[in-house]
């Protein structure tokens with residue numbers, strides 16, 4: 003494995019929880035924020051729990067800076083308390099019976115610092131996250147955003163070599179989320195070790211992560227930079243997350259025969275074989291008649307199956323060969339008198355099609 | 113044919129306001145439930161009222177300050193307190209094991225621990241006697257090796273009370289441990305806390321309300337213990353004659369004293385209940 007020599011976090015393991023098996027091979031370099039994206043039940047939290055030492059791996063091993071945390075083949079296992087990990091939990095899990103200061107001082111104290119040193123470490127981190135005023139409050143008296151920051155301070159105060167964040171912003175309301183997200187990004191940038199950030203929010207992953215890992219049903223569906231994943235989704239799930247139409251097909255020079263029926267004309271780059279085609283919903287034009295003269299090389303009939311209003315535009319769900327999600331303005335809906343059942347023509351330029359080979363995992 | 117509404121009854125303005133405020137349908141109780149409920153209330157409350165009415169209020173001071181009563185009260189208080197202390201020291205760890213560690217025979221062990229809650233205390237006394245009595249299978253050796261005789265000593269009182277009262281603490285604490293969110297313990301572990309630190313700094317403080325409630329229940333049960341105590345420890349005034357036993361004997365010789373002592377026990381119970389309600393039974397976390 004190329005991962006062996008990494009000085010960051012390396013997970014090359016299988017983790018079983020009941021009938022569920024997570025099988026992954028990942029690496030996160032020091033200073034890197036690896037975003038782990040996936041639907042519920044994909045194994046994101048299981049991955050974090052295994053790295054934190056809350057569940058042992060069933061096969062394979064986990065190493066941090068070359069040191070073994072868990073190795074099923076030798077039986078070596080470092081207990082959770084012995085791992086240099088900072089874990090920010092989804093609902094923060096701040097100790098309700100302790101003040102904010104005692105929560106943040108907990109880890110230095112538990113890791114052997116004296117009471118006074120632990121307290122001063124806590125006040126250092128509280129100051130750094132702008133929480134000094136809240137030191138004597140109980141967690142029950144904090145707002146969501148404050149609690150999130152206290153949880154981050156508590157995780158960082160133990161001077162971890164690895165940071166694990168499980169849906170760190172999901173419990174926040176939309177208003178505070180952006181502020182806290184910006185601040186979290188700053189602190190993640192300051193953190194010198196690798197970070198694993200689990201989320202189901204694609205935007206959060208795109209903003210916070212340096213690299214993305216998409217998990218589906220316990221397997222890695224895609225890995226790459228946020229830009230790669232957003233532009234060239236490898237699975238339907240990822241395509242939906244990033245809001246693209248995704249088609250699988252067989253390329254033959256200037257034409258792709260889609261496996262669900264229909265075909266696309268594409269710019270001829272000499273591509274042959276199985277490919278994926280991604281299309282932005284706004285790149286598709288809708289007209290009521292067959293376009294006579296158009297620069298778009300792809301035109302096909304479709305039937306409106308549904309309409310959804312999204313802020314300033316309307317998303318059309320269209321049945322055709324192939325089916326598509328298309329974004330139009332509310333004005334266009336009115337002009338074309340679109341309603342479920344309407345027959346329309348769709349056109350898309352060949353240059354608006356992103357054609358790529360199915361590389362489940364992008365090269366490093 | 114659709115059924116029409118039933119004939120209307122009268123709803124007073126006050127009743128209308130009450131129902132609107134409560135936002136539910138009529139809560140007036142049906143007669144077949146009210147009468148038995150009243151009988152139950154009478155049955156529970158009237159004897160206590162009788163105790164208060166028949167109390168020799170004028171002689172209360174002299175009776176209670178008498179040497180026998182004071183001795184019994186002091187003995188009862190300290191044995192119940194020591195019992196609670198012992199139960200906390202050995203019962204809480206057992207509760208933790210029952211709640212958190214799965215081992216073969218756990219369910220049987222839990223049933224055994226719960227047994228003293230349901231069987232007659234006098235049976236417990238007999239069992240203790242057979243085990244720790246002068247000729248008991250353990251007591252025999254205590255006697256011959258250490259010259260220690262347990263029955264009919266204050267130690268026997270504490271043992272009898274612990275036998276009967278500790279399960280109350282164990283069951284209360286075990287329930288709290290089982291329903292406690294273990295996510296906090298996981299969080300503590302990821303923060304570097306070893307198992308004992310997690311127990312001491314996270315687990316125990318978080319179940320503190322139940323721990324307190326269990327300790328009070330245990331103490332109250334120990335204070336009222338009669339059957340096991342009189343069987344295993346006897347009734348030597350000043351040595352093993354606790355309040356309930358003193359009440360039982362006083363009833364034959366001096367009924368007024370029996371009533372006065374009963375009143376004291378009743379008062380203690382009321383105080384315990386009130387303190388439980390205010391500090392622990394209000395639901396949610398401790399103040």
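Protein chains in written order, with the numbering used here: chain X, 3 to 366; chain W, 113 to 399. Where is the CB? At the ideal position from N, CA and C, for every residue including glycine. Just so we're clear, the structure is a prediction, and the values are computed from it rather than from any experiment.
Can you tell which of X:310, X:302, X:332 has the C-alpha that lies nearest to the C-alpha of residue 351 (chain X)? Counting from 1 along the first chain, the entry for residue 351 (chain X) is found at position 349. Per the Cα distances, X:302.
Helix, strand or coil at residue 289 (chain X) [DSSP, three-state]: What you label residue 289 (chain X) is simply residue 287 of the first chain in a count that begins at 1. In this structure, residue 289 (chain X) counts as strand in the three-state DSSP scheme.
Three-way DSSP call (helix, strand, coil) for residue 387 (chain W) in this model: Locating residue 387 (chain W) in the second chain gives position 275, counting from the first residue. Note: residue 387 (chain W) maps to helix in three-state DSSP.
Where does residue 350 (chain W) sit, in a helix, a strand or coil, going by DSSP? Here residue 350 (chain W) is taken as the residue at index 238 of the second chain, counted from 1. Three-state DSSP puts residue 350 (chain W) in coil, outside helix and strand.
Quick one: grab the DSSP three-state call for residue 41 (chain X). Along the first chain, one-based indexing puts residue 41 (chain X) at 39. Three-state result, residue 41 (chain X): coil.
Spell out whether any CB of chain X is found under 8 angstroms from the CB atom of residue 233 (chain W). One-based indexing of the second chain puts residue 233 (chain W) at position 121. With 8 angstroms as the cut-off, residue 233 (chain W) does not count as an interface residue toward chain X.
Taking only the alpha-carbon atoms, compute the straight-line gap between residue 202 (chain W) and residue 196 (chain W) and give it to the nearest angstrom. By one-based count along the second chain, residue 202 (chain W) stands at place 90. By one-based count along the second chain, residue 196 (chain W) stands at place 84. C-alpha separation (whole angstroms): 10 angstroms.
What does residue 91 (chain X) touch in chain W if you count any residue whose Cβ is under 9 angstroms from its own? By one-based count along the first chain, residue 91 (chain X) stands at place 89. 295, 298, 299, 302, listed in chain order.
On a Cα-Cα basis, can you pick out the residue from X:221, X:220, X:213, X:218 that is closest to residue 231 (chain X)? Against the first chain, residue 231 (chain X) aligns to sequence position 229. The shortest C-alpha to C-alpha distance from residue 231 (chain X) to any of X:221, X:220, X:213, X:218 is the one to X:213.
What residues from chain X crowd round residue 382 (chain W), counting only those whose CB sits closer than 9 angstroms? The count along the second chain starts at 1 and reaches residue 382 (chain W) at position 270. Per Cβ cutoff of 9 angstroms: no residues; residue 382 (chain W) is ~30 angstroms from chain X at best.
Using the beta-carbon count (16 or more within 10 Å), is residue 341 (chain X) buried or exposed? By 1-based counting over the first chain, the position of residue 341 (chain X) is 339. Exposed: under 16 other Cβ atoms inside 10 Å.
With a threshold of 16 other CB atoms inside 10 Å of the CB of residue 177 (chain X), please say whether the residue is buried or exposed. Here residue 177 (chain X) corresponds to residue number 175 of the first chain, with the count starting at 1. Residue 177 (chain X) is exposed by the Cβ-count criterion.
Out of X:234, X:87, X:200, X:325, point me to the one whose CA is closest to residue 301 (chain W)'s CA. What you label residue 301 (chain W) is simply residue 189 of the second chain in a count that begins at 1. Answer by Cα proximity: X:87.
Which residues in the same chain as residue 94 (chain X) place their Cβ atom closer than 6 angstroms to its Cβ, once the five residues preceding and following it in sequence are excluded? Position 92 of the first chain holds residue 94 (chain X). Around residue 94 (chain X): 149, 153.
Specify the secondary structure class of residue 356 (chain X) as computed by DSSP and reduced to three states. In the first chain, the residue the question calls residue 356 (chain X) occupies position 354. Of the three classes helix, strand and coil, the one that applies to residue 356 (chain X) here is strand, per DSSP.
What whole-angstrom Cβ distance do residue 92 (chain X) and residue 173 (chain X) have, given they're in contact under 8 angstroms? Locating residue 92 (chain X) in the first chain gives position 90, counting from the first residue. Locating residue 173 (chain X) in the first chain gives position 171, counting from the first residue. With a Cβ gap of about 7 angstroms, residue 92 (chain X) and residue 173 (chain X) count as contacting.
Is any beta-carbon of chain X found at less than 8 angstroms from that of residue 314 (chain W)? Here residue 314 (chain W) is taken as the residue at index 202 of the second chain, counted from 1. So yes, residue 314 (chain W) belongs to the interface.
Here's a check: name, in chain order, each residue in its chain whose Cβ is nearer than 6 angstroms to the Cβ of residue 6 (chain X), leaving out the five neighbours to either side. Sequence index remark: in the first chain, residue 6 (chain X) carries index 4 (1-based). For residue 6 (chain X), the predicted structure reports a pLDDT of 48, less than 50, and the residue's modelled location is therefore unreliable. A value from the coordinates is still provided. Hits under 6 angstroms: none found.
Which class does residue 298 (chain X) belong to by DSSP, given the choice of helix, strand or coil? Numbered from 1 along the first chain, position 296 holds the residue referred to as residue 298 (chain X). Residue 298 (chain X): coil per DSSP, three-state reduction.
For the alpha helix (DSSP H) containing residue 189 (chain X), name the first residue and the last one. Within the first chain, residue 189 (chain X) is the residue found at index 187, counting from 1. Element bounds for residue 189 (chain X): 176 to 192.
According to a CB-to-CB cut-off of less than 7 angstroms, which residues of the segment 159 to 171 of chain X neighbour chain W? 160
Within this structure, are the beta carbons of residue 166 (chain X) and residue 67 (chain X) separated by less than 8 angstroms? Translated into positions along the first chain, residue 166 (chain X) becomes position 164. Translated into positions along the first chain, residue 67 (chain X) becomes position 65. No; because the gap between Cβ atoms is not below 8 angstroms, this pair is not in contact.
Please tell me whether residue 305 (chain W) has its Cβ less than 8 angstroms away from any Cβ of chain X. Taking the first residue of the second chain as position 1, residue 305 (chain W) is located at position 193. Residue-level contact by beta carbon holds for residue 305 (chain W) and chain X, with a gap shorter than 8 angstroms.
Checking 8 angstroms against the spacing of the C-beta atoms, do residue 200 (chain W) and residue 288 (chain W) come in under that value? Numbered from 1 along the second chain, position 88 holds the residue referred to as residue 200 (chain W). Numbered from 1 along the second chain, position 176 holds the residue referred to as residue 288 (chain W). No, these two residues do not count as a Cβ contact at 8 angstroms.
Boundaries (first-last residue) of the alpha helix (DSSP H) holding residue 126 (chain X): Locating residue 126 (chain X) in the first chain gives position 124, where the first residue counts as 1. Run containing residue 126 (chain X): 117 to 130, per the alpha helix (DSSP H) assignment.
Between residue 243 (chain W) and the rest of its own chain, which residues show a CB-CB distance below 8 angstroms, the 5 nearest in sequence each way excluded? The residue you call residue 243 (chain W) lines up with position 131 of the second chain. Excluding residues within five positions, the ones whose Cβ falls inside 8 angstroms are 249, 250, 251.
Between the segment 344 to 351 of chain W and the segment 266 to 274 of chain W, do three or more beta carbon pairs fall short of 8 angstroms? yes
Jot down the residue ranges of each uninterrupted beta strand (DSSP E) in the segment 77 to 110 of chain X, minimum 3 residues, whole runs only, in chain order. 87 to 90
If we count Cβ pairs, one from each stretch, closer than 8 angstroms, do we get three or more for the segment 93 to 107 of chain X versus the segment 122 to 140 of chain X? yes
First through last residue of the alpha helix (DSSP H) which encompasses residue 46 (chain X): Position 44 of the first chain, counted from the first residue, corresponds to residue 46 (chain X). 46 to 54 is the span of the alpha helix (DSSP H), which, as asked, contains residue 46 (chain X).
Does any C-beta atom of chain W lie closer than 8 angstroms to the C-beta of residue 17 (chain X)? As a first step, residue 17 (chain X) must be located in the first chain, where it is residue number 15. Using a Cβ-Cβ cut-off of 8 angstroms, residue 17 (chain X) does not count as an interface residue toward chain W, since no Cβ of chain W sits closer than that to its own.
Quick check on residue 2 (chain X): does DSSP put it in helix, strand or coil? Only positions 3 to 366 of chain X appear in this structure, which leaves residue 2 (chain X) out of reach.
With DSSP as the reference, identify every bridge partner of residue 218 (chain X), one or two as the case may be. As a working note, residue 218 (chain X) is residue 216 in the first chain. Beta-bridge pairing links residue 218 (chain X) to X:221.
Segment contact flag, the segment 214 to 229 of chain X with the segment 32 to 43 of chain X, C-beta cutoff 8 angstroms, min 3 pairs: Segments in contact, yes.
Taking any Cβ of chain X, which residues in the segment 313 to 347 of chain W have a Cβ under 7 angstroms from it, in chain order? Taking 7 angstroms as the Cβ-Cβ cut-off against chain X, the residues of the segment 313 to 347 of chain W that qualify are 314, 317, 318.
What runs of the alpha helix (DSSP H), each 4 residues or longer, lie entirely inside the segment 228 to 293 of chain W? 233 to 244, 251 to 258, 266 to 291
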